[in-house]
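**Student:**
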Amino acid sequence: MFFRNNNEVKLKTIDADFKTFVVDEGCLLSDLSVNDGFTLFLKFYQTKRVKTYDIQKDEDMLLFEYGVYDWGDGESFYLSFTRQLSSANPRAKIWQFRLQFKFPVEERLTVIPGDNLWCSDLNGLEVFMDKVVTSPAFQTVSDSRNGEVGLTLFSV
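If you want it as C-alpha cells, here you go:
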C-alpha cells in the first residue's frame with residue numbers, strides 16, 4: 003500500500019491542497035479576511051513542501067505585492083500572497099501559486115503606492131512577516147472581508 007507524505011504536495015494539485023488545508027483549519031476560502039488568508043498561506047508554506055522544489059536553493063519563495071491596477075475591467079486594489087516555484091533546470095517553467103484579494107477602489111487605497119516584498123526561504127520568514135503586517139496596504143485592509151478572494155496557479 004502507498005502512503006503519501008502528509009507534509010508534501012504536488013505542484014499540479016497545490017491549489018486543491020490549499021483549499022483542503024483552509025477547510026481543515028475551519029475556514030472557507032470565500033470568507034477569509036486578508037489577515038486570515040496571510041496566516042493560512044504562511045502556515046501552508048511552513049508545513050507543506052512541494053515535490054521536487056528545494057526550499058534551501060531558492061526554488062520555493064514567497065512574494066507579497068499590492069497596488070491599484072486596471073487589468074481590463076476598471077481599477078481595483080489588489081493585494082496578493084504568492085508562492086513562486088522555480089527549478090534549477092533553466093528550461094523548466096517558473097510557477098506562481100497566488101492567493102489574491104481584490105477590492106473596489108476607495109480613496110484610502112489609492113493613496114497607497116504599489117509595492118512588493120520577497121522572502122527566499124524559511125530563514126527570512128520572520129522578517130518577511132513583520133514587513134508584511136506593518137506595510138500600509140496590509141494595515142489598511144487586514145480585517146477586510148469585502149474583497150473578492152481568488153486562487154490561481156500559472157506559469158510566468
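Residue 3 is where the sequence shown starts when you use our numbering, and the numbers rise one by one after that. Just so you know, even glycine gets a beta-carbon here, dropped at the ideal spot from N, CA and C.
So, does the stretch 86-93 touch the stretch 25-40, judging by three or more C-beta pairs under 8 Å?
**Tutor:** In short, these stretches do not touch, since the Cβ pair count stays below three.
**Student:** Per DSSP, what kind of secondary structure is Val89 in: helix, strand or coil?
**Tutor:** Checking the displayed sequence, the identity of residue 89 turns out to be Ser instead of Val. It is coil, neither helix nor strand.
**Student:** Nearest to Met131 by CA position, among Thr41, Leu153 and Lys50, is which residue?
**Tutor:** Ranking Thr41, Leu153 and Lys50 by Cα distance to Met131 puts Thr41 first.
**Student:** Could you compute how far the alpha carbon of Glu77 sits from the alpha carbon of Pro115?
**Tutor:** Computed Cα separation, rounded: 14 Å.
**Student:** With H, G and I counted as helix, E and B as strand and the rest as coil, what does DSSP make of Thr22?
**Tutor:** It is helical.
**Student:** Does the separation of the CB atoms of Val24 and Gln98 fall below 8 Å?
**Tutor:** Not closer than 8 Å, so no.
**Student:** What's the C-alpha gap between Asp19 and Asp60?
**Tutor:** Looking at the two C-alpha atoms, the distance is approximately 22 Å.
**Student:** So what does Pro106 bridge to, in DSSP terms?
**Tutor:** According to DSSP, which records beta bridges pairwise, Pro106 is partnered with Ser78.
**Student:** Smallest Cα separation from Val70: which of Gly39, Asp38, Ser82 and Tyr55?
**Tutor:** Comparing Cα positions, the closest option is Ser82.
**Student:** From this set, Gln58, Gly74, Val134 and Val151, which residue's C-alpha is nearest Ser2's C-alpha?
**Tutor:** Residue 2 lies beyond the residue range present for the chain, which begins at 3 and ends at 158; the question has no answer from this structure.
**Student:** Please check the pair Cys105 and Ser146, which I expect to be a contact at CB under 8 Å, by giving their CB distance rounded to whole angstroms.
**Tutor:** A small fix is needed here, since residue 105 is Phe in this sequence, not Cys. Right, the Cβ-Cβ distance comes to about 7 Å (below 8 Å), so this counts as a contact.
**Student:** According to DSSP, is Glu150 part of a helix, a strand, or is it coil?
**Tutor:** In this structure, Glu150 counts as strand in the three-state DSSP scheme.
**Student:** Per DSSP, which one or two residues make a beta bridge with Trp73?
**Tutor:** In the DSSP output, where bridge partners are listed per residue, Trp73 has none listed.
**Student:** What separation, rounded to the nearest whole angstrom, lies between the Cα atoms of Phe79 and Gly126?
**Tutor:** Phe79 and Gly126: Cα-Cα distance of roughly 27 Å.
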